[in-house]
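> Below is a structure I'd like to ask you about.
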């Protein structure tokens, strides 16, 4: 094993918090990773990890070594790219963070296509609606919705979706379709509480604008719950289009006031500013941007 491979194994073991997971990702035995780390510790004369029967964690010296090693490997990879004009074929484990709804409805289908095109990549989704420390979680890339203010990380807009109104055919048969935005106040609505103004729906129709106060039997901070409530005829929803595209195609939901929409929601790719974006992550970002553009 050459020096660079040894350093890469150390970095991935540190990022994943596991010799066994680093070994599985690299396609080697766990003992190979253990020996690689032991060789570095012997050469540098320091302990890089605190070891227990269940987990490993970096020592203070190990954290310094990780930061410096990442920088060195990024420099080597950057030199390869500069001199060859291209990255190697994407390979290895790609860890992606996104909200539960974005991961389920957008990124998971895109990932299935991506893995067909790049079979040597594996994807580990960390789907969570809570903010995540990308460096601490050893995430290669996150996909975040909305406006990003003063992000400490690198960001790139990869697309966006409108907010649209929709309801189930059964709901519309029972309650009737609103003739205009003002009628929404008299209809049961499903309120998505993570929206910028959840109880006041701000709608656009060309140069026309409307702000409508709404209420209903269900409020939720989960896109999945809002989606399910809409499918079951609980009320009209005002949601990002990606949540319901397949249901609109299949007739399970119908557009309401289709000439009216909400402001767009941007999708951003985000990655730690202290490291170069891996080729596998860049390949997925570009692939996702193309597919999101086709969905929008």
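Residue numbers (our numbering): 448 to 743.
Glycine is no exception: its CB is placed at the ideal position from the N, C-alpha and C atoms.
(1) Among 538, 667, 694, which residue has its Cα nearest to the Cα of residue 678?
(2) Within a Cβ cutoff of 7 Å, which residues of the same chain sit near residue 513, ignoring the five residues on either side of it in sequence?
(3) Considering Cα atoms alone, identify which of 598, 552, 654 is closest to residue 686.
(4) Decide if the region 575-582 is in contact with the region 624-635; the criterion is three or more beta carbon pairs, one per stretch, under 8 Å apart.
(5) Can you check DSSP and say which residues form a bridge with residue 645?
(6) Within 10 Å of its beta-carbon, does residue 476 have 16 or more other beta-carbons around it, so buried, or fewer, so exposed?
(7) Is there contact here, the region 653-668 with the region 589-607, by at least three beta-carbon pairs under 8 Å?
(8) So, residue 568 versus residue 537, is the Cβ gap smaller than 8 Å?
(9) Between the alpha carbons of residue 673 and residue 680, how many angstroms are there, rounded?
(10) Under 6 Å Cβ to Cβ from residue 493, same chain only, skipping five residues before and after it: list those, please.
(11) Could you give the DSSP three-state label for residue 707: helix, strand or coil?
(12) Please list the terminal residues of the continuous beta strand (DSSP E) segment that includes residue 611.
(13) Suppose contacts are defined by Cβ-Cβ distances below 8 Å. Is residue 689 in contact with residue 561 by that definition?
(14) Taking the C-alpha atoms as reference points, what is the distance between residue 684 and residue 709?
(15) Would you mind listing the beta strand (DSSP E) stretches within the region 469-512 that are 3+ residues and don't spill past its ends, in chain order?
(16) At 4 residues or longer, and completely inside the region 561-623: list those alpha helix (DSSP H) runs for me, N to C.
(17) Can you tell me which residues form a DSSP beta bridge with residue 721?
The structure says:
(1) 694
(2) 458, 461, 505
(3) 552
(4) no
(5) DSSP, once it has assigned bridges, lists no residue as partnering residue 645.
(6) exposed
(7) no
(8) yes
(9) 11 Å
(10) 508
(11) coil
(12) 610-614
(13) no
(14) 12 Å
(15) 496-498, 503-505
(16) 616-622
(17) Paired residue(s): none; residue 721 is not in a bridge.
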